[in-house]
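Engineer: Attaching a single structure in structure tokens format; questions to follow.
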Amino acid sequence: METSHLLVEQSGSVLWLTLNRPERLNAFSPEMIAGLTDEIERAAADDAVRVIVLSGAGRAFCAGGDVKTMGQSSAPQAYEHIGRLNRLILAMKSCEKPIMAAVHGVAAGAGFNLALACDLILAAEDSQFILSFAKVGLVSDGGGSYWLPRLVGPHLAKQFFFTADPIPARRLYELGVLSEVVPAEKLREATESLASKLACGPTKAIGKQKRLIEHALTATLEEILEEERLVQGLMVETEDHREGVAAFKEKRSPVFQGK
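Heads up, the sequence shown is in numbering that gives the first Met the number 0, so the first residue is 0 and it goes up one at a time.
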């Protein structure tokens with residue numbers, strides 16, 4: 000659902016979703032959140048889409064909540080708004096297709112958490128990430144309390160949340176949070192290159208691997224071993240598996256169809 004706050008572009012099998020409130024540094028609006036959720040849920044069921052990329056128009060990726068409207072919500076209104084955001088985050092995690100974030104400028108508050116909910120994060124080397132909630136007397140929403148401790152450990156996550164200090168992209172890369180850091184002028188090119196590589200991959204296997212890794216964060220070894228066993232039984236019957244084996248034997252590059 001393209002709206003004035005969300006631009007939608009499909010290039011081949013890559014779906015680009017661009018947050019489009021540049022005058023507000025792409026701060027969330029109800030319209031933007033609804034549009035993102037609808038597009039991701041639609042893409043999850045569309046075989047023509049094999050990769051999803053989130054990016055931001057203008058000078059930033061996403062400033063998170065709109066400070067201009069803060070202080071005007073009642074508790075029930077905040078509860079309802081965050082419920083809509085939660086639906087978006089859960090749609091992203093249940094989508095069995097890789098979702099990438101291309102971050103430039105700033106990713107702040109729930110905008111940082113939106114990036115964390117993606118499977119891969121590419122960032123411009125001059126970009127900054129800020130868990131800005133403490134600056135306005137709030138706690139994290141959008142899942143940051145879940146993602147960040149698992150990536151950097153609870154003590155460093157607490158420091159980032161408590162201080163709300165800007166975190167340079169390079170530091171997050173060194174901590175293993177970001178997949179790649181590139182010069183700002185190369186961000187689009189690097190994102191397109193990785194997205195194209197994933198779009199040519201075995202989509203079903205990538206999607207199932209995504210689910211396995213997510214489940215492994217909370218599951219036991221025994222549960223993951225059994226889940227791998229069951230999923231592998233499905234994968235050996237896919238067209239992509241047969242193509243991969245044939246290509247290996249014929250000493251050529253595989254041509255995966257995502258089937």
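In this text, a Cβ means the ideal position worked out from N, Cα and C, and glycines have one as well.
Assuming L119 and P153 make a contact with CB atoms under 8 Å, what is their CB distance in whole Å?
Structural biologist: Taking the first residue of the sequence shown as position 1, residue 119 is located at position 120. Taking the first residue of the sequence shown as position 1, residue 153 is located at position 154. With a Cβ gap of about 23 Å, L119 and P153 do not count as contacting.
Engineer: With a threshold of 16 other CB atoms inside 10 Å of the CB of T219, please say whether the residue is buried or exposed.
Structural biologist: On the sequence shown, position 220 is the one that residue 219 refers to. Exposed, by the Cβ-count rule.
Engineer: Considering only DSSP beta bridges, list what D237 is partnered with.
Structural biologist: Looking up residue 237 in the sequence shown gives position 238. Residue identity check: residue 237 is Thr in the sequence provided, not Asp. Answer is none; T237 lacks a bridge partner.
Engineer: By alpha-carbon positions, which one of A123, L121, Q127 and F161 ends up nearest to G136?
Structural biologist: Locating residue 136 in the sequence shown gives position 137, counting from the first residue. Ranking the options by Cα distance to G136, first place goes to F161.
Engineer: Go ahead and pull the three-state DSSP assignment for L50.
Structural biologist: Here residue 50 corresponds to residue number 51 of the sequence shown, with the count starting at 1. It should be pointed out that residue 50 corresponds to Val in this sequence rather than to Leu. Three-state result, V50: strand.
Engineer: Please determine whether the Cβ atom of G64 lies at a distance below 7 Å from any heavy atom of the ligand SAH.
Structural biologist: No copy of the ligand SAH occurs in the structure displayed, which carries no ligand at all.
Engineer: With DSSP as the reference, label T2 as helix, strand or coil.
Structural biologist: Taking the first residue of the sequence shown as 1, we reach residue 2 at position 3. It is a strand residue.
Engineer: Helix, strand or coil for P148? Go by DSSP, reduced to three states.
Structural biologist: As a position in the sequence shown, residue 148 is number 149, starting the count at 1. DSSP places P148 in helix when its eight states are reduced to three.
Engineer: Between which two residues does the beta strand (DSSP E) containing E179 stretch?
Structural biologist: Position 180 of the sequence shown, counted from the start, is the residue given in the question as residue 179. For E179, the uninterrupted beta strand (DSSP E) segment begins and ends at E179 to V181.
Engineer: For the segment 210–255, which segments carrying the alpha helix (DSSP H) assignment without a break, of at least 4 residues, lie completely within its bounds, in sequence order?
Structural biologist: 220–234 and 238–248
Engineer: Using the Cβ count rule (16 or more neighbours within 10 Å means buried), how would you classify D239?
Structural biologist: Here residue 239 corresponds to residue number 240 of the sequence shown, with the count starting at 1. Result: buried.
Engineer: My output table needs one value for E8: the three-state DSSP class, helix, strand or coil.
Structural biologist: The residue given as residue 8 occupies position 9 in the sequence shown. In this structure, E8 counts as strand in the three-state DSSP scheme.
Engineer: Roughly how many angstroms separate the alpha carbons of R241 and S178, rounded to a whole number?
Structural biologist: Locating residue 241 in the sequence shown gives position 242, where the first residue counts as 1. Locating residue 178 in the sequence shown gives position 179, where the first residue counts as 1. C-alpha separation (whole angstroms): 30 Å.
Engineer: Beta-carbon separation of L84 and A109 under 8 Å?
Structural biologist: Taking the first residue of the sequence shown as position 1, residue 84 is located at position 85. Taking the first residue of the sequence shown as position 1, residue 109 is located at position 110. Going by C-beta atoms, L84 is nearer than 8 Å to A109.
Engineer: May I ask you to list the residues that DSSP assigns as paired with P167?
Structural biologist: One-based indexing of the sequence shown puts residue 167 at position 168. Paired residues: Q127.
Engineer: Which residues mark the beginning and the end of the alpha helix (DSSP H) in which T162 is found?
Structural biologist: Taking the first residue of the sequence shown as 1, we reach residue 162 at position 163. P153 to T162 is the span of the alpha helix (DSSP H), which, as asked, contains T162.
Engineer: Could you say which of V48, A107 and T2 lies nearest to C33 if we only look at CA atoms?
Structural biologist: In the sequence shown, residue 33 corresponds to position 34, counting from 1. Looking at the sequence itself, residue 33 is Ala, so the reference to Cys does not match. If we check each option's Cα against that of A33, T2 comes out closest.
Engineer: The beta strand (DSSP E) spanning L14 covers which residue range?
Structural biologist: As a first step, residue 14 is located in the sequence shown; it is residue number 15 there, counting from the start. Run containing L14: V13 to L18, per the beta strand (DSSP E) assignment.
Engineer: Quick check on L119: does DSSP put it in helix, strand or coil?
Structural biologist: The residue you call residue 119 lines up with position 120 of the sequence shown. DSSP places L119 in strand when its eight states are reduced to three.
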